[in-house]
Amino acid sequence: MKRWLAAAVLGLSVAGMARAAIDTYQFRDDAERERYQQLTKELRCPKCQNQDIADSNAPIAADLRREIFRMLGEGKSNQQIVDFMVDRYGDFVRYKPALSGRTWLLWFGPGILLVGGFVALAVIVRRRRVPAAQGSHELSVEERERLAKLLDKEQNHD
Amino acid sequence: MKRWIMVVPLAVFLLMAVFLYKGLFLKPDELPSAMIGKPFPAFSLASTQGDRNLTQADLIGRPALVNVWATWCPSCKVEHPYLNQLAQQGVVIHGINYKDDNAAAVKWLAEFHNPYQLDIRDEQGSLGLDLGVYGAPETFLIDAKGIIRYKHVGIVDATVWREQLAPLYQGLVDEAKP
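Respectively, the protein sequence lines represent chains U and P.
Just so you know, we're using the working numbering here: the first sequence kicks off at 133 and counts up by one.
Just so you know, we're using the working numbering here: the second sequence kicks off at 4 and counts up by one.
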């Protein structure tokens with residue numbers, strides 16, 4: 133019993149430590165909280181590059197979260213906040229890149245590949261079907277006789 | 004049988020090989036700076052020594068290296084002797100003490116020598132944020148008008164100086180001469 137209690141206390145204290153890394157911001161309303169969560173998920177941490185800034189424990193990510201919170205408090209729009217980050221850290225920080233001449237391939241490439249794949253598939257299927265419809269798989273009488281002979285031979289060998 | 008279709012796998016392979024080979028030499032942790040070509044951001048901060056107030060206007064006049072450093076950054080310690088050496092050669096270097104404990108920074112500069120002509124104290128990291136700094140050390144190269152011309156992420160050593168910074172710095176010095 134005592135052991136269990138000790139384990140539980142230890143577990144709780146660890147949980148407390150894990151929570152310490154999460155910022156505590158007071159939002160005015162749920163809409164603002166949602167915008168904060170959306171923005172921190174859409175922006176990428178410049179230091180630990182495969183994490184968004186909501187997820188990252190890097191000091192720079194904490195700074196950027198604080199900036200976002202501050203700008204939300206100032207009533208800035210999502211676009212203004214994203215522009216603020218892009219001005220400083222470049223297009224790199226956007227997990228959702230803007231649609232531009234340089235990024236259109238990124239946006240539409242997968243769609244183009246998919247359509248291309250379907251087109252290729254359709255062409256291949258068609259080509260295969262055409263000879264199948266024309267030629268017959270049925271054997272002619274002569275062919276059947278020849279086949280019977282061949283099979284006979286095989287059996288005689290055994 | 005169409006002959007050309009047999010070349011397709013080879014072509015795909017070659018294309019991939021080119022991209023993968025290039026990928027070997029990419030440094031994805033070094034971001035291209037969004038600040039190149041932009042004026043140095045406005046700021047008003049104390050010096051590390053606390054004896055004066057510095058603004059972006061103080062940076063104008065001469066091309067310079069602006070080195071972002073901190074005492075919590077081990078790489079900064081590695082590059083510090085080389086910065087001292089450059090300063091001795093007459094290269095203008097300014098320092099931004101980034102998100103640091105000021106007392107530790109003052110002690111560091113007293114102990115390891117101060118290569119910085121202006122030492123900006125950015126305790127909150129606000130100037131660093133405006134510069135798009137995401138770690139230390141980072142070194143910016145500004146021209147005589149205070150426009151950011153280049154950024155190097157990581158340690159400045161003899162190789163980096165010789166191959167990247169020195170030609171650019173010399174170019175800016177020549178440009179600044181009437």
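Where is the CB? At the ideal position from N, CA and C, for every residue including glycine.
For clarity, every value in this text was computed on a predicted model and none was experimentally measured.
Per the coordinates, the alpha-carbon of U:Tyr157 lies some 19 Å from the alpha-carbon of U:Cys177. Within the stretch 166-198 of chain U, contact with chain P at the beta-carbon level (separation under 9 Å) is assigned to Cys177, Pro178, Lys179, Gln181, Ala190, Pro191, Ile192, Asp195 and Leu196.
The C-beta distance from P:Tyr119 to P:Gly98 rounds to 4 Å, short enough to meet the 8 Å contact threshold. Residues Ala67, Leu68, Asn70, Leu86, Leu89, Ala90, Pro118, Tyr119 and Gln120 of the same chain have their beta carbon placed closer than 7 Å to that of P:Ile96, with the five preceding and five following residues left out of the count. Distance between P:Arg165 and P:Ala147, taken at the CA atoms: about 21 Å. Under the Cβ distance rule, P:Leu29 does not count among the residues neighbouring chain U, no pair being separated by less than 8 Å. In this structure P:Ile145 does not touch P:Gly40 by the C-beta definition: roughly 11 Å separates them, more than the 8 Å allowed.
Straight through space, the alpha carbons of U:Leu271 and U:Gln287 are spaced by roughly 21 Å. Residue pairing by DSSP puts P:Leu57 in a beta bridge opposite P:Leu48. Nearest Cα to U:Phe201 within the set U:Gly243, U:Arg167 and U:Glu274: U:Arg167. Leaving aside the five residues that flank U:Lys179 on each side, the residues in its chain whose CB is nearer than 6 Å to its CB run, in chain order, Ala190 and Ile192.
According to the DSSP assignment, P:Arg152 belongs to the beta strand (DSSP E) that extends over Ile151 to Val156. U:Tyr221 reaches chain P at Leu34, Ala37, Gly135 and Tyr137, counting residues in chain order whose Cβ is nearer than 8 Å. Collapsing the DSSP output to three states places P:Thr142 in a strand. When secondary structure is reduced to three states using DSSP, P:His97 falls in the strand class. The DSSP-derived three-state label of P:Pro42 is strand.
Between the C-alpha atoms of U:Trp236 and U:Asn210 there is a straight-line separation of about 22 Å. In this structure, P:Phe115 sits away from P:His155, with a CB-CB distance that is not shorter than 8 Å. In this structure, the alpha-carbon of U:Asp187 lies about 51 Å from that of U:Arg259. Per DSSP, P:Arg124 is one residue of the beta strand (DSSP E) stretching across Asp122 to Asp125.
The count of Cβ pairs closer than 8 Å, one atom from the stretch 74-83 of chain P and one from the stretch 45-63 of chain P, stays below three, leaving the stretches out of contact.
Under DSSP, the beta-bridge partners assigned to P:Ala67 are P:Ile145. Contact of P:Gly128 with chain U is assigned, a C-beta pair being separated by under 8 Å. Non-local C-beta neighbours of P:Ser36 in its own chain, meaning closer than 7 Å and more than five positions away in sequence, comprise Gly135 and Lys154, ordered along the chain. The continuous alpha helix (DSSP H) containing P:Pro170 extends over residues Ala169 to Ala179. In the three-state reduction of the DSSP assignment, U:Asp162 falls in the helix class, which pools H, G and I. For P:Val15, same chain residues with a beta-carbon under 7 Å away, outside a window of 5 residues either side, do not exist. Bounds of the alpha helix (DSSP H) holding P:Gln88 are Pro77 to Gln91.
Not a single CB atom of chain P sits nearer than 8 Å to the CB of U:Val273. By the C-beta density criterion, U:Leu253 is exposed, having fewer than 16 other C-beta atoms within 10 angstroms. The C-alpha of P:Gly93 lies about 15 Å from the C-alpha of P:Gly174. U:Leu204 counts as buried, since no fewer than 16 other beta carbons sit within 10 angstroms of its beta carbon. Residue nearest to U:Tyr227 within the set U:Gly248, U:Asp155 and U:Leu175 is U:Leu175 (criterion: CA-CA distance). Around the C-beta of U:Asn182, fewer than 16 other C-beta atoms lie within 10 Å, and the residue is accordingly described as exposed. When only Cα atoms are considered, U:Val251 and U:Lys173 end up about 36 Å apart.
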